[in-house]
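Listed in order, the protein sequences are those of chains A and B. Everything in the first sequence is counted per our numbering, starting at 4 for the first residue and increasing by one. Everything in the second sequence is counted per our numbering, starting at 154 for the first residue and increasing by one.
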Amino acid sequence: MNNLPRIVLTGIGLTCPLGNDLPTYREALLAGRSGVSLFPVRNMGEQPAGVCNFDQKKYQKRKEIRVGTRAGSIAIYCANEAIVDAGLDLENTDSSRIGIYLGITEHGNVETETEVCSLFDHYDEDVKYWTHHHNPRTVANNPAGEITVNLGLTGPHYTIGAACAAGNAGIIQGVQQLRLGECDFALAGGVSESIRAYGIFAGFKSQGALASHSDPTLASRPFDQDRNGIVVSEGGCIYVLERLEDAQKRGAKIIAEVAGYRINSDGTDYVLPNPERQEECMRQALANANLEPEDIDLVSTHATSTPQGDEQECKAIRNLFGESKSTLVNNTKSFIGHSMGAAGAIELAGNLPSFEDGIAHATINVDNLDPACALPGLITGKAVTKKGGINVILNNSFGMLGINSVLILKKFDA
Amino acid sequence: MDKEKVKQIVLDIIAEIAPDEDLNDVKSDIRLRDQLDLDSMDFLDIVMELRKQHGIDVPEAEYRELESLDSCANYLLPKFEAGAAA
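Put into structure tokens, the structure is as follows:
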């Protein structure tokens, strides 16, 4: 690790149910405000969901929006915002040296479902009415590819399918490609359009893992005794990553440095998490970063508000961090629901301002803390200011088929 | 139905599939591609919307008949009239 180039974050673009830029999103996190609302889902009525309301036309022509996908629009918005935030002058940058690496939980469900439903509803299942846009919309590289078309970028682009570990996985891929010298700038993160596919809600419901609550803002409640499942959300978050030396040469603002990471696999089940492997993943990420558990100021948990998943992650965290109170623990899904392939990247973004102000947002909706989730450093209710500041964040993101990803970021210190 | 109505139907479809285009001054005798930002996928959209909205099928070998508003009117008018008579 020590011989590899240091990688830094120099730009952030995001859209999430709490806002379309980091300051707005962070303000809501510190205020303890939920972004979950009711959303009409085909065949299922209104469901609690996280919906984004960014201005699609800010960076896209209306035709692009019509031809492309929602995930593509989210990706285009986030990429453009990240480039602006990074102060990157595209006109004078070799576009073949910009790589795009986006994590996705899934892609194509929305477009396929929409087309199938249209065929059944209006065209008596006659396939001559099936759209010729179907394949370019549903190829797995679509959201990343739409960015290249929108911005005229000619470097590598692809998506990383990593279930709900994908947000971290996209960033990790960007780090690796920069270190390999495959690009000079990486646009890396994750996106999700999942709320627009009823099959995803129906699948979670059949699995007994879909949140329900009379008040949608209270539906996502990780670590609470009454949690009953996931609130599905859409969103995206893309970072500009660069090698430190390059960033310093161009006088870029440095937001944070990548300290270490790890992706591993449970190797045990399609759905059920495995706390031993989660713990191992965090331990290996710490080793990769050359850090000890007590060096971590804040753990950003993956917990999705499912009865079993939250408990298992808490077990893994407790095993690694013991009873230490110096490591704070929070959860962002309690505010915005589970933005699937974007979750890891969006949740990390919400915590990054803590490097500046030392404040960690809380976990909301914990009215009756589940004793199995009562981690010593768990912040519930209100944000806290950490004595000595927050210098290192460990970001968990786990997914189905037992994929675990852990990313560690540190405050930049030249 | 007459040729002017057919041209308006085609323009209405183009307005849907190319919403960024200004259609106020489209010349009937000039290729649509030469005056509007339309690609091959857009022409497939025109074909699809004729099928969905008006029940008119344009075989692939005859796509070239859609190159200008005039050629659209000449080619499609008999199809609209046949549809109306059916």
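We put the CB at the ideal spot given by N, CA and C, even for glycine.
Query, Result
"Which runs of the beta strand (DSSP E) spanning at least 3 residues fall entirely within the region 327-393 of chain A, listed in chain order?", "331-333"
"Considering only their Cβ atoms, is the gap separating residue 163 of chain A from residue 79 of chain A smaller than 9 Å?", "no"
"Who are the near neighbours of residue 379 of chain A in its chain, counting only those whose CB is closer than 7 Å to its CB and skipping five residues on each side?", "326, 327 and 328"
"Measure from the alpha carbon of residue 209 of chain B to the alpha carbon of each residue in B:231, B:161, B:221 and B:192, then state which is nearest.", "B:231"
"Going along the chain, which residues of the region 180-198 of chain B sit with their C-beta nearer than 9 Å to a C-beta in chain A?", "190, 194, 195, 197 and 198"
"Am I right that residue 312 of chain A and residue 169 of chain A are in contact with their C-beta atoms under 8 Å? What's the rounded C-beta distance?", "Residue 312 of chain A to residue 169 of chain A, Cβ: 16 Å. No contact."
"Who are residue 420 of chain A's beta bridge partners in DSSP?", "The structure shown does not extend to residue 420 of chain A, since chain A spans only 4 to 417, so no value can be given for it."
"Assuming residue 204 of chain A contacts residue 387 of chain A (C-beta within less than 8 Å), just tell me the rounded distance between them.", "In fact, because the Cβ distance is near 34 Å, the residues do not count as touching under 8 Å."
"Around the C-beta of residue 482 of chain A, are 16 or more other C-beta atoms found within 10 angstroms, so that it is buried, or is it exposed?", "No information on residue 482 of chain A is available, as it lies outside the stretch 4 to 417 that chain A covers here."
"Would you report the Cα separation of residue 234 of chain B and residue 162 of chain B, rounded to the nearest angstrom?", "14 Å"
"Between the region 201-235 of chain B and chain A, which residues of the former have a C-beta closer than 9 Å to a C-beta of the latter?", "201, 204, 205 and 210"
"Taking the alpha-carbon of residue 96 of chain A as reference, which of A:277, A:322, A:189 and A:147 has the nearest alpha-carbon?", "A:189"
"Can you give me the Cβ contacts of residue 202 of chain B inside the same chain, cut-off strictly under 8 Å, excluding the 5 residues immediately before and after it?", "166, 169 and 170"
"Grab the span of the alpha helix (DSSP H) containing residue 248 of chain A for me, first residue to last.", "247-252"
"Please report the residue range of the beta strand (DSSP E) in which residue 49 of chain A lies.", "48-53"
"Apply the 10 Å Cβ neighbour rule to residue 374 of chain A and answer buried if 16 or more other Cβ atoms are within range, or exposed otherwise.", "exposed"
"Could you please tell me which residues of the region 129-157 of chain A, in chain order, have their CB closer than 8 Å to any CB of chain B?", "131, 132, 134, 135 and 136"
"Which residues mark the beginning and the end of the alpha helix (DSSP H) in which residue 151 of chain A is found?", "145-154"
"Reducing DSSP to helix, strand and coil, say where residue 19 of chain A ends up.", "strand"
"Put residue 161 of chain B into one of helix, strand or coil per three-state DSSP.", "helix"
"Given this structure, state the Cα-to-Cα distance separating residue 214 of chain B from residue 105 of chain A, to the nearest angstrom.", "40 Å"
"Between residue 405 of chain A and residue 291 of chain A, is the Cβ-Cβ spacing less than 9 Å?", "no"
"From residue 31 of chain A to residue 84 of chain A, what distance separates their C-alpha atoms?", "19 Å"
"Give the interface partners of residue 173 of chain B over in chain A, defined as CB-CB distance under 7 Å, in chain order.", "64, 65 and 66"
"Any idea if residue 195 of chain A is buried or exposed, counting beta-carbon neighbours within 10 angstroms, 16 or more meaning buried?", "buried"
"Determine the direct distance from the alpha carbon of residue 294 of chain A to that of residue 381 of chain A, and round the result to whole angstroms.", "21 Å"
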